[in-house]
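In this text, residue positions in the sequence shown follow the UniProt record's numbering: the first is 1, and each later residue adds one.
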Amino acid sequence: MTAEKVNPKAYPLADAQLTITILDLVQQAANYKQIKKGANEATKTLNRGISEFVVMAADTEPLEILLHLPLLAEDKNVPYVFVPSKQALGRACGVTRPVIACSVTTNEGSQLKSQIQQLKDAIEKLLI
């Protein structure tokens with residue numbers, strides 16, 4: 001996937017290194033059942049206030065079907081980020097289908113707490 005093909009509306013877009021980190025954490029969250037897949041489920045977690053951060057795919061066609069998520073995430077002070085590939089996001093979520101959006105949810109006794117916090121800080125640096 002080349003950077004030229006990515007829709008300019010897909011902001012902030014994670015660089016290659018951060019994308020690997022994000023997909024890795026999404027995969028771990030999927031193992032701990034701390035993930036909701038799809039734009040609709042991600043919307044629900046944001047509305048319910050249980051979303052840690054939202055990951056969206058920049059190669060979604062048309063991208064507009066998930067552009068309500070950044071607005072909602074900003075309202076709820078939840079960090080959000082775009083990764084280049086919906087196929088890779090689907091694999092990280094543990095499904096064979098492409099996934100255009102997913103939300104990592106909160107869990108009190110989670111072993112991922114520190115990793116999630118580090119990643120949230122990294123995503124927030126992108127937004128500055």
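Every residue gets a Cβ at the ideal spot worked out from N, C-alpha and C, and that includes glycine.
Taking one C-beta from the stretch 17-27 and one from the stretch 82-92 each time, how about it: are there three or more such pairs within less than 8 Å?
-> yes
State the CB to CB distance for the pair I116 and E52, rounded to an integer number of angstroms; the pair is presumed to be in contact (CB under 8 Å).
-> Taking the first residue of the sequence shown as position 1, residue 116 is located at position 116. Taking the first residue of the sequence shown as position 1, residue 52 is located at position 52. Going by Cβ atoms, the distance from I116 to E52 rounds to 5 Å, so yes, they are a contact pair.
Identify, in the order they occur along the chain, each residue of the same chain with its Cβ nearer than 6 Å to the Cβ of P79, setting aside the five sequence neighbours on each side.
-> As a first step, residue 79 is located in the sequence shown; it is residue number 79 there, counting from the start. Taken in chain order, the residues that qualify are F53, K120, I123, E124.
Residues near A93 by beta carbon distance below 7 Å, same chain, minus five either side = Looking up residue 93 in the sequence shown gives position 93. The displayed chain sequence assigns Cys, not Ala, to residue 93. Contacts found: V26, A30, I35, K37, V99, C102.
Given A69, which residues of its chain have a CB within under 8 Å of its CB, disregarding the five upstream and five downstream residues?
-> As a first step, residue 69 is located in the sequence shown; it is residue number 69 there, counting from the start. According to the sequence as given, residue 69 is Leu; it is not Ala. The residues are A39, A42, T43, L46, V54, M56, Y80, A101.
Please name the residue in Y32, L63, D75 whose C-alpha comes closest to that of Q111.
-> As a working mapping, residue 111 is identified with position 111 in the sequence shown. Per the Cα distances, Y32.
CB-CB under 6 Å to K76, same chain, minus the five flanking residues each way: which ones, in chain order?
-> In the sequence shown, the residue the question calls residue 76 occupies position 76. Around K76: L46.
Does the Cβ of I128 have 16 or more other Cβ atoms within 10 Å, making it buried, or fewer, making it exposed?
-> Position 128 of the sequence shown holds residue 128. With fewer than 16 Cβ atoms within 10 Å of its Cβ, I128 is classed as exposed.
Starting from E52, follow the beta strand (DSSP E) in both directions and report where the run begins and ends.
-> Stepping through the sequence shown from its first residue, residue 52 is reached at position 52. Taken as a continuous stretch (DSSP letters only), the beta strand (DSSP E) holding E52 covers 51-57.
Contained beta strand (DSSP E) runs [length at least 3] in the UniProt domain "Ribosomal protein eL8/eL30/eS12/Gadd45" (23-111), N- to C-terminal order = 35-37, 51-57, 80-83, 101-105
Cβ distance (whole Å) where L23 is taken to contact V95 below 8 Å | Along the sequence shown, read from residue 1 onward, the residue named residue 23 stands at position 23. Along the sequence shown, read from residue 1 onward, the residue named residue 95 stands at position 95. 13 Å between Cβ atoms; not a contact.
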